[in-house]
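Residue numbers (the numbering used here), protein chains in the order written: chain E, 90 to 420; chain H, 545 to 807.
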């Protein structure tokens, strides 16, 4: 059974009296025990999808969806109180910038102890409860690979380095024993060794505790080493989604192919200093979205038909939306 | 042929107390550092956060004063007396191109500043030069009337590059020029830098975490840790036969990421 099932999620933002579709018919299905990667460049609405899932969206924005369910419960029609309860116990989010999402005035230990859920404590006596909390926190910190837990718990967010901070955020996300962890660009700006540590940690958590992970990033190298399933976003539209290996071997959408080509590490035969292939132009801003397929103006294969939004098509478990997919002529 | 830039025994000691809990050193020592770079070559600096990479870049362009050691440009020592020459020949692209551009003035004025301060060009010459440089980095001449917030990330990076190139430097120092960019825009900028380097024969020194790109565009690499250069050499040599423990760890971590996808 799928944990999270989103169909045709549309988010509209009011910009100067005009409703702009920041997200346009996003589909996303996350199954149990799966690492799902959400790929897209900045401004493609990755963070908005996350915010829409956890409900951290301003009231004046319009969210509509054909279906948005969490283990069969509809998230959109649920009362705010219930929704909070569900999200508190089942979904944890690791936000983009670990340092700025921690409270600078409290030590890390205080922050982590505060969010230990009541249900995990057995005793009713407050001094014992405090002890229990400490024990849970200590185990968690050890599990995410922070060895010196005492020092870490005593220090303030500004005193610790970025990758320790990221590990701490993962510990914070694990404390409520969720079913799904959403990691928003957890490896941004990290050097390779720290990055691979974080990735290993997330995949271990996924394997040991059957936890689903929604991994949001634009670092394809990191993603393709651990994810099972990938969804590619461009400008608020789902461009392609499918099994990771299949997608990498045979991307059908020109944008996915361009993303894969842009990382020089993917191609071993590439001579050094040769020009990399890239798409022209940049990502359009929300005020100047093109009609139809939003990749249109940058797409090398665009034709006249591309002014109409392409419907989602399906080949086995591989969904794509493009009028003229790659590899099409060969079939 | 003498080297374009030659750095000898560069040292720097940061006297400020550090409040970092996880490394309790009160002092940060950089160096000794030796670098040789020929025209048209690319040097990449890699290392962990806080290993002094950005500090080295700042020392090279003269934003910080070294405690000892010398930097030679074309065999000529750089001292206070030829500060102007240094400003003309070694230019820097800063870490965060977004915040290093002044939001209050147009891009034209941003690009005009280095020309006004360092050259004796007339106003018309300067305007022509600005247009020419903007075109060179792939923007339009009209962009000089734009402000920072009107541009996208990739375009800002191009403006930062234009500001570095406008004085026709011989050495370009870039502090993480690709970190903030998205993949499709990043390859544009990489291509642009390589083209410009080929055209003008620039020496290019850059700092990056992205080993894929480092391997692709650099000729030489230096690996830094705790302010020391622990390994230096040609790119192929370092990636294929790393000697130091730390370099091995870095390269293997990178290789593991690549290999894991093929299984």
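A virtual CB, placed ideally from N, CA and C, is assigned to each residue, including glycine.
Just so we're clear, the structure is a prediction, and the values are computed from it rather than from any experiment.
{"Asked": "Residue 420 of chain E classed as buried or exposed, judged by whether at least 16 other C-beta atoms fall within 10 angstroms", "Found": "Here the model assigns residue 420 of chain E a pLDDT of 46, short of 50, so the residue's position is not dependable and the matter cannot be decided."}
{"Asked": "Stretch-stretch touch, CB-based, cutoff 8 angstroms, three pairs: the stretch 262-280 of chain E with the stretch 123-141 of chain E", "Found": "yes"}
{"Asked": "Neighbourhood of residue 765 of chain H by C-beta distance below 6 angstroms, restricted to the same chain and skipping five residues each side", "Found": "588, 779 and 782"}
{"Asked": "Residue interval of the alpha helix (DSSP H) (run including residue 123 of chain E)", "Found": "Taken as a continuous stretch (DSSP letters only), residue 123 of chain E belongs to no alpha helix (DSSP H), as it is neither H nor E."}
{"Asked": "Proximity of residue 222 of chain E and residue 202 of chain E at Cβ, strictly below 8 angstroms", "Found": "yes"}
{"Asked": "Identified DSSP bridge partners for residue 108 of chain E", "Found": "E:103"}
{"Asked": "8 angstroms contact criterion, which residue 581 of chain H and residue 548 of chain H should meet: CB distance rounded", "Found": "5 angstroms"}
{"Asked": "Collapsed DSSP secondary structure at residue 282 of chain E in the structure displayed", "Found": "helix"}
{"Asked": "6 angstroms CB neighbourhood of residue 326 of chain E in its chain, flanking five on each side removed", "Found": "113 and 383"}
{"Asked": "Meets three-Cβ-pair contact criterion under 8 angstroms: the stretch 718-730 of chain H and the stretch 761-775 of chain H", "Found": "no"}
{"Asked": "Within-8 angstroms CB hit, residue 281 of chain E to chain H", "Found": "yes"}
{"Asked": "Inter-residue Cα distance where the pair is residue 694 of chain H and residue 666 of chain H", "Found": "28 angstroms"}
{"Asked": "Residue from H:670, H:604 and H:653 with nearest C-alpha to residue 634 of chain H", "Found": "H:604"}
{"Asked": "Closest residue to residue 797 of chain H among E:311, E:351, E:409 and E:337 (Cα-Cα distance)", "Found": "E:311"}
{"Asked": "Residues that residue 115 of chain E bridges to, as DSSP identifies them", "Found": "E:98"}
{"Asked": "Same chain only: Cβ atoms within 6 angstroms of residue 336 of chain E, ignoring 5 sequence neighbours per side", "Found": "319"}
{"Asked": "Residue 748 of chain H, DSSP secondary structure in three states", "Found": "strand"}
{"Asked": "Chain-ordered neighbours of residue 630 of chain H on chain E, where CB pairs are closer than 9 angstroms", "Found": "Those within 9 angstroms of residue 630 of chain H in chain E number zero; the least Cβ separation is about 28 angstroms."}
{"Asked": "Terminal residues of the alpha helix (DSSP H) in which residue 704 of chain H lies", "Found": "697-709"}
{"Asked": "Three-state secondary structure assigned by DSSP to residue 419 of chain E", "Found": "For residue 419 of chain E, the pLDDT reaches just 49, beneath the cut-off of 50, and the residue's location in the model is therefore unreliable, although a value from the coordinates is still provided. Three-state result, residue 419 of chain E: coil."}
{"Asked": "C-alpha gap between residue 741 of chain H and residue 236 of chain E, whole angstroms", "Found": "46 angstroms"}
{"Asked": "Amino acids of chain H, ordered along the chain, whose beta-carbon sits closer than 9 angstroms to that of residue 364 of chain E", "Found": "731, 734, 735, 738 and 739"}
{"Asked": "Proximity to residue 739 of chain H [Cα-Cα], best of H:681, H:714 and H:654", "Found": "H:681"}
{"Asked": "Cβ-Cβ separation, residue 650 of chain H to residue 688 of chain H (assumed contact under 8 angstroms), whole Å", "Found": "6 angstroms"}
{"Asked": "Contacting residues, own chain, Cβ-Cβ under 8 angstroms from residue 655 of chain H (five flanking each side not counted)", "Found": "674, 677, 678, 688, 703, 706, 707 and 710"}
{"Asked": "Distance between beta carbons of residue 586 of chain H and residue 748 of chain H, contact taken as under 8 angstroms", "Found": "5 angstroms"}
{"Asked": "Chain-order list of residues whose beta-carbon lies under 6 angstroms from that of residue 95 of chain E (same chain, five-residue window excluded)", "Found": "117 and 157"}
{"Asked": "Three-state secondary structure assigned by DSSP to residue 383 of chain E", "Found": "coil"}
{"Asked": "Validate contact between the stretch 398-406 of chain E and the stretch 784-801 of chain H using beta carbons, cut 8 angstroms, 3 pairs", "Found": "no"}
{"Asked": "Runs of alpha helix (DSSP H) lying entirely within the stretch 771-805 of chain H, each at least 4 residues, in chain order", "Found": "779-784"}
{"Asked": "Beta bridge counterpart(s) of residue 91 of chain E as assigned by DSSP", "Found": "E:120"}
{"Asked": "Integer Cβ distance of residue 715 of chain H from residue 736 of chain H, believed to fall under 8 angstroms", "Found": "The Cβ separation is near 18 angstroms, so there is no contact."}
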